[in-house]
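Chains Y, U, E and D, in that order, are what the protein sequence lines are.
Heads up: the first sequence at position 70 corresponds to 63 in the numbering used here, and the numbers run straight through without jumps.
Heads up: the second sequence at position 80 corresponds to 73 in the numbering used here, and the numbers run straight through without jumps.
Heads up: the third sequence at position 51 corresponds to 44 in the numbering used here, and the numbers run straight through without jumps.
Heads up: the fourth sequence at position 11 corresponds to 4 in the numbering used here, and the numbers run straight through without jumps.
For glycine and all other residues, C-beta sits at the position ideal for the given N, C-alpha and C.
Bear in mind the structure is a predicted one, so any value in this text is a computation, not a measurement.
Okay, so here's the structure we're looking at.
Number of protein chains: 4
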Amino acid sequence: MKANTKPTLSDLEKKIIKFRDDRNWKQFHNPKDLALSLNLESAEVLEHFQWKNNKELEEYVEKNKDVIGQEIVDVIYYCLLLSHEINVDINKAFIQKMKLNNKKYPVKKAKNNHKKYTELS
Amino acid sequence: MKANTKPTLSDLEKKIIKFRDDRNWKQFHNPKDLALSLNLESAEVLEHFQWKNNKELEEYVEKNKDVIGQEIVDVIYYCLLLSHEINVDINKAFIQKMKLNNKKYPVKKAKNNHKKYTELS
Amino acid sequence: MKANTKPTLSDLEKKIIKFRDDRNWKQFHNPKDLALSLNLESAEVLEHFQWKNNKELEEYVEKNKDVIGQEIVDVIYYCLLLSHEINVDINKAFIQKMKLNNKKYPVKKAKNNHKKYTELS
Amino acid sequence: MKANTKPTLSDLEKKIIKFRDDRNWKQFHNPKDLALSLNLESAEVLEHFQWKNNKELEEYVEKNKDVIGQEIVDVIYYCLLLSHEINVDINKAFIQKMKLNNKKYPVKKAKNNHKKYTELS
C-alpha cells in the first residue's frame, strides 16, 4: 500500500500474516488458541479501567492512550489472525453484521434506548 | 465508500459511529463499559471452541464460520468504538504496534519459537 | 456433610466431583477447557454490570442478586473442578496465597492505597 | 478456626474481609470493579494453558501447579468479595445452584453427553 493511503482491513490482515509467516508461527496457530489469545488481549485492555473513579479514569486514559491504543491493536491482530485461519472474509462478515444490527436495532425503537434487541418492544 | 473498494479501518469506524449516532447511544458509551463489552464479545467468540476435540472442532468451525465471523466483527466493533472514544488513531496505533512487535520478536530469534519476548534469548 | 453445618471447600469439591462422575463427564474435562469455562462463567457474572449508571446498578443488583449469586457459584464450580483436575489442594493454596498477600500488601504501606504491590513504596 | 479443621466458605470469606478491612480497602470495592477483577484473574489462570500441545501442557501443569493453584485462589477471592458486597449468602447460593443443575442435567439424559441443557433431548 502507498504510504499516504489508509490501509484496508485486508491490507492489515496481509501484514499480520506476513509477520507470522516470517517467523514460521503458523504451526502454533490453531483457531482455539487464537480465540483464547483474543480473550487474554481483551483482558489487558480492560485492566486499564480498573479501580479508578470517573475523574481518575479520565486523566489516566488521557495520559496512557498510546499504550491502551496498542493493546486495542493486539485485539484486532487476533481478530484478523483468527478470521484468516477459519477462512472468514472479515470484510464481508462486517457488512453482514452491520445489516443484521440495523434490523435488530431499528432506529425508531432503539433511539435513546440501550436494551438488548430481545427486550426492545 | 464505493461498493467495489475494500474498507479501511477508518471507513469501518465511520460506519460504526454513524450507526451509534443514529440511535443516540453516545450517552451510554463511556470507555469503561466499552472495554467491558469488548471482553464479553471476546468471550462469545471463545465459547465456540469449548468442549470439542480437534476433529469435532474442525467440523464445527467449518459449519459455523459465518456465525463465528460475525462474533469476531462484534469484537472489532468495540475495538473501534473504544479507540474512537479515547481519541486513538487506530491506523497509527496499528503501524506503531507492528513496528514494536518487529523489535520484540526479531525473525532471527523468534523463528519457530513461540516464547514470550521477555523469555527469548 | 450435615444439613446444619457449613460446608468446607473440600465438601463442595466432593459434591461437584460426584455430580460430574454421576454423569460420566470426566472424559470431557481436560484442564484447558475447564480454564476456558472459568473465563466464560466469569464473563456471565460481568455481563450483569454493563450499561448501567451507579443508581441503576444498585437497584439492578438488589433485584437480581439470586441470579448473580448463582453465576458466582458457577465460577467457584470451575475453580474447584480445575484445581481437582490438576491435583491442587485448594485449602492449602488458599492459606499460602493469603500469606503471600499479607507480605505483598503490608497493612502499613497498603492502608487506604489500592496500588499494585509492585508500585507500593 | 482451629488449625486442624478445614475452613468453610464462610471462614474464608471472613478471612478475606478481615484482610480487606485491615487495609481500609472497602472504599475501592464497588461490585462492578470486583466483577471486573474476577474476569482479569480468570484470564490469568487461562494464560497458563496457551500455546502448548497436550504433552507440553501436561508437563507444564505438573511443574507449575502451585502457581496455577494460587491464581485459582485469586478467582475464589473475588467471588467471595463480590458475593459479600452484594449480600449473597454463597453457601445457600451454592446449594440452590447444585439443585438447579441436577434438574437441568438429569443423570439419565446427561450421562456421557456434554450438550448444553437447552439441547438435551
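- Scanning chain D for C-beta atoms nearer than 8 Å to the C-beta of Leu29(U) yields Leu29, reported in chain order.
- With a beta-carbon spacing of about 16 Å, Phe42(U) and Leu33(U) fall beyond the 8 Å limit used to define contacts.
- By the rule that beta-carbons nearer than 9 Å mark a contact, Gln43(Y) touches chain D.
- Counting along the chain, the unbroken alpha helix (DSSP H) around Lys8(U) starts and ends at 2 to 15.
- Between the alpha carbons of Asn95(U) and Tyr110(E) lies a gap of roughly 31 Å.
- One Cα belongs to Asp15(U), the other to Val100(Y), and the distance between them is close to 6 Å.
- 9 Å or more divides the Cβ of Val81(E) from the Cβ of Pro24(D).
- Annotation note: the stretch 15 to 83 of chain U contains the following uninterrupted alpha helix (DSSP H) runs of length 4 or greater, listed N- to C-terminal: 24 to 40, 47 to 78.
- One Cα belongs to Phe87(E), the other to Tyr98(U), and the distance between them is close to 37 Å.
- Residue environment for Glu112(E): exposed (fewer than 16 other C-beta atoms within 10 angstroms of its C-beta).
- By the rule that beta-carbons nearer than 9 Å mark a contact, Lys56(D) does not touch chain E.
- Residue range 100 to 103 is occupied by the alpha helix (DSSP H) that includes Lys102(D).
- The beta carbons of Lys(-1)(E) and Met91(D) sit no closer together than 9 Å.
- Rounded to the nearest whole angstrom, the CA to CA distance from Ile10(D) to Lys45(Y) is 21 Å.
- In chain order, Ile61, Glu64, Ile65, Val68 place their CB closer than 7 Å to the CB of Val38(D), counting only its own chain and leaving out the 5 sequence neighbours on each side.
- In the three-state reduction of the DSSP assignment, Lys97(E) falls in the helix class.
- The beta-carbon of Asn32(Y) is placed less than 9 Å from the nearest beta-carbon of chain E.
- Residues of the stretch 11 to 25 of chain U with a C-beta atom less than 9 Å from some C-beta of chain D are Lys25, listed in chain order.
- For His107(E), the chain Y residues whose Cβ falls inside 8 Å of its Cβ are Trp44, in order along the chain.
- As the crow flies, the alpha-carbon of Asp4(Y) is around 22 Å from that of Ser30(Y).
- Less than 9 Å separates the beta-carbon of Phe21(U) from that of His107(Y).
- Between Leu2(E) and Leu74(E), the C-beta gap is not smaller than 9 Å, which leaves the two residues out of contact.
- The DSSP-derived three-state label of Lys(-1)(U) is coil.
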